[in-house]
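The structure appears below as structure tokens.
In mature numbering (1 follows the signal peptide of the UniProt record, and there is no 0), the protein residues as written are -29 to -1, 1 to 870.
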């Protein structure tokens, strides 16, 4: 070979090496893992989606962060701890979790940092309280989703410590330490190309895009579960056998799935309906979007074959959790069409998205769904456009529309105000409102979106009963031994044993029978602990009634069970009360309702988020074997018996009836109420001659103003200057109770303010931290005081401190140098938010009630601290840490066996 030939050969060899390196680099680049952020509302099918994604090797699907959508199906405090526990089971504490935030939107449209996403953008002001025009479509106060039907606490392990993983925050909610949704989005997306999965409302991502346009370039793709384009609901339709006697239900063939509101809006799907304007912003952002709407998810319902296959394949903790959840959903389904109407919405979306990403397909080729490009938009208001009827805050009363929206544009029409919006309802016809409709359009009003249209059939029908390819993948992947859950709640501990503590009072002469009605504010929980400390010879706590119309969501009932367990009182029944104030539930569909009054409670800091987690401390309590569960029976009106109907959660009215009927002849019950009077009003309205059963009623709440400067505490309703929260949150109930025949003592706001000094009560408690309950109370009150000093969202913490007075006064008013007066009063309940809940003195028409006017605050603080520090009736198990030791060592197990 000549020198020239050798040179040419060397050049070709070098070129081949270069080409090979380029090809290898290309392949390696193609195999670069996709960075994923999931925004979820943590409904059951969202959990299935998360578990599916967590099973992939991070070299393919690298789940970096989870943010929580908290304005529809779930409540922030319950959801964030659910996610932490799920990640703990799957050994993925490296994934950062974001929720909430205290930012707002100014009247001029300026978006402040850290908007929490608790409200749809159209309702978002500068704070975290507001209306529920869309969210009111969600049933039962979100109880099922907050608890995952009761399965969550029975199955998922609980993160042990409030430890902080470097850069990821504390692995349970903690006030002012929890990473916010916007912080997590900004941090995650700014670090590199990111794909976003949205399997809830689109509020968080819309806020991110509107606030951080410079970071939009880092989002490679957005996958959305939501909407219905050409979908036709199969629910309520007649069989295809030609039966002419069948009449289709209203929902048959409609595009949407808002089952609670077909009469006003048959077009929308829940995730898009939760915030139509946010969905519009995301779809019109210019970022590539793939939509998995009802068109596709309606074609993959969970049928009997899927259930039977699932039951035969339970090889991992994650499959067990999914199956238990699905079985409970099926058990409580309202009708007999579960196998037609329950789809794998979010799990299917995660499968379609993961398949597209793994195939590196620009046209959406994937294993699980047929795809088609469509030109669509999101309807955010109803024609005619350019009207001003008070329904649209973006335009109403504004010279310049918010966000500089076009005055006669697509956002300027009537915006649905609620499920019973008269504008939307047509007599004997389906509703006409289209808010949230993912509508196919032509021309510039729409955007080109890749849409999943139909689930693909199983390609191997000869070896599987499953009729959809995704079902095969879902079961196979969840049962893989790789990246599997480590343990569940019981198997984490080698000597776990469930134990129930019930005291023996056979030799004691029991004192005054008491029923405690509470709305689960921080002050209520401390009051409960105090009542449990009062000698049973003085007060015999017979039952607890729980209201979901106040400072906590109804799922927070589980904290009550944990406190009772700590104090050795698993014998005390707990009744689940109302989730809607009187007159606020939908008369034609009672499991949904309005939030006219409870909207005054903040969703974020100092509000529901903190109450639902007891300011981050609820997980320090030992875990009770009792908990809320959705288990039910035909006997109690359910459509069918679930697997364990004997575990059914009793209702407040049922508990009351059981207690009142069990009383000895001549005995009467004393009631202490620490929240809205909804439960008590329902008892009054359902029973007669209550004065023969109830001896006294002590009402903690109300405010009697003696001058223009003597104001109430409704900081979130500035137009109402003289009402107090407990009366305002259900004024109709308060009016019903105060007009009843009962012997009533009111412990109003004025006297509560006499005993709401954090320094004084903490000083007294510091000297008596001799018991677990005293130590915990000191810790909780210390936290409230620090938060009050640190952040303006916590300025109202003294309200909860004052609530404790009712329990202390009931237990021993003679020691407090108290003074009372009798005055004729009435409660205003006319529907006027500026006056509702106010108590006024009315000499002519008022009901005479006893009013506590003053107590000796020094004696009060001493009595409170001394009783909590007493060893008598103290905690039988002091904390979850103590419980873990008991379940982890053989010595403690021997003690349990001896108990």
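Quick reminder that beta carbons are idealized off the backbone N, C-alpha and C, glycines included. Because the structure is a prediction, the values reported are computed rather than measured.
Taking a cut-off of 8 Å on C-beta distances, the stretch 813 to 829 touches the stretch 773 to 791, as three or more cross pairs fall below it. Cα atoms of residue 522 and residue 530: separation of roughly 14 Å, rounded to the nearest angstrom. Shown here for residue 305: same chain residues with a beta carbon closer than 7 Å to its own, the five before and five after excluded, namely 610 in chain order. Shown here, residue 184 sits in a helix according to DSSP, grouped into three states. Fully contained in the stretch 211 to 261 are the following alpha helix (DSSP H) runs of length 4 or more, in chain order: 241 to 244 and 247 to 254. By the 16-neighbour rule on beta-carbons within 10 angstroms, residue 330 is exposed.
Shortest Cα-Cα distance from residue 597 to any of 113, 491, 122 and 520 involves 122. Judged by DSSP in its simplified three-state form, residue 426 adopts strand.
Comparing alpha carbon positions, the residue from 746, 752 and 711 closest to residue 731 is 752.
The bridge partners DSSP lists for residue 73 are 86. Closest in alpha carbon position to residue 260, among 312, 239, 198 and 238, is 198. Residue 398 carries a coil assignment under DSSP once its states are collapsed to helix, strand and coil. For residue 671, the enclosing beta strand (DSSP E) covers residues 665 to 671. Minimum Cα-Cα distance from residue 443 among the listed residues 431, 705, 116 and 837 corresponds to 431.
Residue 492 is a Cβ neighbour of residue 582, given a cutoff of 8 Å. Measuring C-alpha to C-alpha distances from residue 376 to each of 252, 447 and 617 identifies 252 as the nearest. With distances taken between CA atoms, residue 570 lies nearest to 524 out of 524, 37, 447 and 748. DSSP lists 428 as the beta-bridge partner residues of residue 439. Counted as a single uninterrupted DSSP element, the alpha helix (DSSP H) harbouring residue 735 occupies residues 729 to 737.
Runs of beta strand (DSSP E) with 3 or more residues, each lying fully within the stretch 100 to 183, are found at 165 to 170, listed in chain order. For residue 631, the uninterrupted alpha helix (DSSP H) run begins and ends at 623 to 633, by DSSP. Per DSSP, residue 468 lies in no alpha helix (DSSP H) segment and is marked neither H nor E. Apart from the 5 residues on each side of it in sequence, residue 244 sits with its Cβ closer than 8 Å to the Cβ of 105, 108, 227, 229, 236, 406 and 407 in its chain, given in chain order.
Assigned with DSSP and collapsed to three states, residue 484 falls in strand. When secondary structure is reduced to three states using DSSP, residue 348 falls in the strand class.
Between the C-alpha atoms of residue 297 and residue 15 there is a straight-line separation of about 8 Å. Here DSSP, grouped into helix, strand and coil, assigns residue 588 to coil. For residue 748, the secondary structure class from DSSP, reduced to helix, strand or coil, is helix.
In the three-state reduction of the DSSP assignment, residue 579 falls in the helix class. Non-local C-beta neighbours of residue 50 in its own chain, meaning closer than 6 Å and more than five positions away in sequence, comprise 13 and 39, ordered along the chain. A straight line joining the alpha-carbon of residue 254 with that of residue 43 spans about 19 Å.
Per DSSP, residue 279 is not a residue of any beta strand (DSSP E); the alpha helix (DSSP H) it occupies stretches across 275 to 283. Going by beta carbons, residue 256 and residue 173 fall outside the 8 Å limit.
Secondary structure note for residue 560: its beta strand (DSSP E) is the uninterrupted segment 560 to 564. Residue pairing of residue 6 in beta bridges, as defined by DSSP: 33. Its Cα nearest to that of residue 31, the residue 166 stands out among 85, 166 and 86.
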